Amino acid sequence: MIGELGLILLALALGGLIKGAVGAGAPVVAVPVLVLLFDVQLAVAVMVIPNVFSNVLQGWQYRDKALPPRFTWGYAITGAVGVAVGTWVLATVPPRFLLLAVAAAVFGFIGFRIVRPHAVLSYRVAEIIVWPVGVAAGVLQGATGISAPISITFLNAMGLKRETFIGTISVFFLVISVVQIPVLWVYGLLDWQRTLYGIAAIAPLMGFMPVGNFLASKLPPKLFDRVILALLAVIAVRMIWKAFQ
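This note's numbering applies: residue 14 is where the sequence shown begins, and numbers increase by one.
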């Protein structure tokens, strides 16, 4: 029991470290550990609470660095719409096909960035496609519990500075998490006990976010981009593994 508790705290601390450094990725570390000890439903339900608080913190901290409100909030609100649609997709489309398709797209993007590291998605084009991308990311969140392969890939393709990336993605994650909470309640996946577990997870996760932020401030921008690509690769591998479970 003590060993399991230590493993959970370590996973949450590492998740907070990554979240503080790159603005995303806490669930990538914490959720697999929680799944090993408990189950997927509990892991997703518990993480949604600290996700809200951590993104409130970073969203406020980088509020002046985010992309223009029309872009940022358009991205977040369409993502929230997608979460509702994704719940329907989850009930009708085999998750394996969704997971494999998205993982393939992510690896394709990573390969493109390696071959052409200086290629970026222009803001003008991004502004045109931001709403459908937001919906797609939200659908993925609702259908698989993970939006990062689309939400992070899109912003990373724009070649944003670290502060702008964090300020924008934090609003997106915050809004879809707030929408996801009542959906989890409706489906009986979130109750008062799991809510208390989620509240308890806030301290170790957010406690290490300043450490990650400090370390990232000392790193060159090129390394930040590589960390994001590595994070996307880990997410894609997890999706493939999950598809064949």
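Quick reminder that beta carbons are idealized off the backbone N, C-alpha and C, glycines included.
All values reported here derive from a predicted model rather than from experimental measurement.
For Ile127, the number of other beta carbons within 10 angstroms of its own is below 16, and it is reported as exposed. Between the C-alpha atoms of Val250 and Trp73 there is a straight-line separation of about 32 Å.
Secondary structure at Gln74: helix, using DSSP grouped into helix, strand and coil. Met60 is the residue among Met60, Gln54 and Ala37 whose C-alpha sits nearest the C-alpha of Tyr210. Going by DSSP, Asp238 is part of the alpha helix (DSSP H) stretching over Pro234 to Ala256. For a cut-off of 8 Å, the C-beta gap from Gly220 to Gly29 is around 6 Å, short enough to register as a contact. Apart from the 5 residues on each side of it in sequence, Val42 sits with its Cβ closer than 7 Å to the Cβ of Ala24, Leu27, Gly28 and Ile31 in its chain, given in chain order. With respect to the C-alpha of Ile159, the residue from Ile21, Val44, Arg239 and Ala34 having the closest C-alpha is Val44. Under the three-state reduction of DSSP output, Gly124 falls in the helix class. Comparing alpha-carbon positions, the option among Ala214, Ala156 and Lys174 lying closest to Gly92 turns out to be Ala156. The C-beta distance from Gly225 to Ala34 rounds to 4 Å, short enough to meet the 8 Å contact threshold.
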